[in-house]
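Heads up: the sequence shown begins at 1 in full-length UniProt numbering, then just goes up one per residue. This report concerns only the one structure given below.
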Amino acid sequence: VLERTSTEWTPLYTAVQNGHMRVVEQLVNCPKVDIHLATSEGCTALYRAANFGQDEVVRMLLGREDLGVNERTRDGCTPLYIAAHFGYHEVAALLLGSPGIDVNAGPADSTPLYRAAAGGHTQVVKLLLEHADVAVNMPTREGCTALYGYLLAPSRACD
Numbered sequence: 001v002l003e004r005t006s007t008e009w010t011p012l013y014t015a016v017q018n019g020h021m022r023v024v025e026q027l028v029n030c031p032k033v034d035i036h037l038a039t040s041e042g043c044t045a046l047y048r049a050a051n052f053g054q055d056e057v058v059r060m061l062l063g064r065e066d067l068g069v070n071e072r073t074r075d076g077c078t079p080l081y082i083a084a085h086f087g088y089h090e091v092a093a094l095l096l097g098s099p100g101i102d103v104n105a106g107p108a109d110s111t112p113l114y115r116a117a118a119g120g121h122t123q124v125v126k127l128l129l130e131h132a133d134v135a136v137n138m139p140t141r142e143g144c145t146a147l148y149g150y151l152l153a154p155s156r157a158c159d
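Here you go:
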């Protein structure tokens with residue numbers, strides 16, 4: 001259960017990505033398994049679950065008191081940022097309900113709100129806008145706000 005593949009994956013990462021809840025639960029409860037273990041890129045089990053839209057896994061992992069919801073990958077992405085990027089509404093909602101969540105954390109050139117807006121993920125944008133701490137006008141490195149990102153998003157029916 002502790003071995004890593006050549007790509008640094010552990011059994012926990014694989015179970016998390018594929019949504020194998022029973023296996024994830026057993027591994028998380030195994031004293032030898034470090035749920036905080038990250039790859040050299042900074043990917044943790046929570047990040048991996050958010051990255052693949054595994055809402056039930058995210059829910060279970062968030063039940064752990066010692067889990068860092070704002071841990072960043074090497075390029076600055078957080079679980080919330082990646083959920084916003086892919087438009088995973090339920091995952092974003094779960095993360096936003098976590099105590100201490102940094103709703104604005106992301107790479108130096110983006111925020112979860114900008115990423116969701118630029119991806120045209122309207123439901124995630126609405127969730128983020130409901131959060132009291134969201135910085136609506138926080139610009140990217142290029143000076144773009146979430147509104148600008150939304151206007152750049154692929155065309156869609158009126159929301």
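Glycine residues also receive a C-beta, built at the ideal position from the N, C-alpha and C atoms. Fair warning: this is a prediction, and the values are worked out from it, not measured in the lab.
- Put simply, the backbone Cα of T140 is about 31 Å away from that of E56.
- In this structure, the CA atom of A92 is about 27 Å from the CA atom of C30.
- Your pair V69 and S110 does not check out as a contact, with CB atoms roughly 18 Å apart and the cut at 8 Å.
- Cβ-Cβ distances below 7 Å link T73 to E41, G42, C43, Y47 in the same chain, with the five nearest sequence neighbours on each side left out; the list follows chain order.
- Taking each of C144, K126, V28 in turn and checking the Cα distance to G63, the smallest one comes out for V28.
- Secondary structure note for E130: its alpha helix (DSSP H) is the uninterrupted segment 122-130.
- Going by beta carbons, R59 and H85 fall outside the 8 Å limit.
- In the structure shown, the three-state DSSP call for D55 is helix.
- L147 has its alpha-carbon roughly 35 Å from the corresponding atom of H36.
- Less than 8 Å divides the Cβ of L152 from the Cβ of A118.
- Taking 8 Å as the cut-off, the beta carbon of H121 is found closer than this to the beta carbon of G87.
- The alpha-carbon separation between G106 and A132 amounts to approximately 17 Å.
- For I82, the three-state secondary structure derived from DSSP is helix.
- The three-state secondary structure of Y88, taken from DSSP, is coil.
- Going by C-alpha positions, F52 is about 6 Å away from Q17.
- A Cβ-Cβ contact shorter than 8 Å links L61 with A45.
- Restricting attention to M21, V24, G100, the CA atom closest to the CA of D66 is found in G100.
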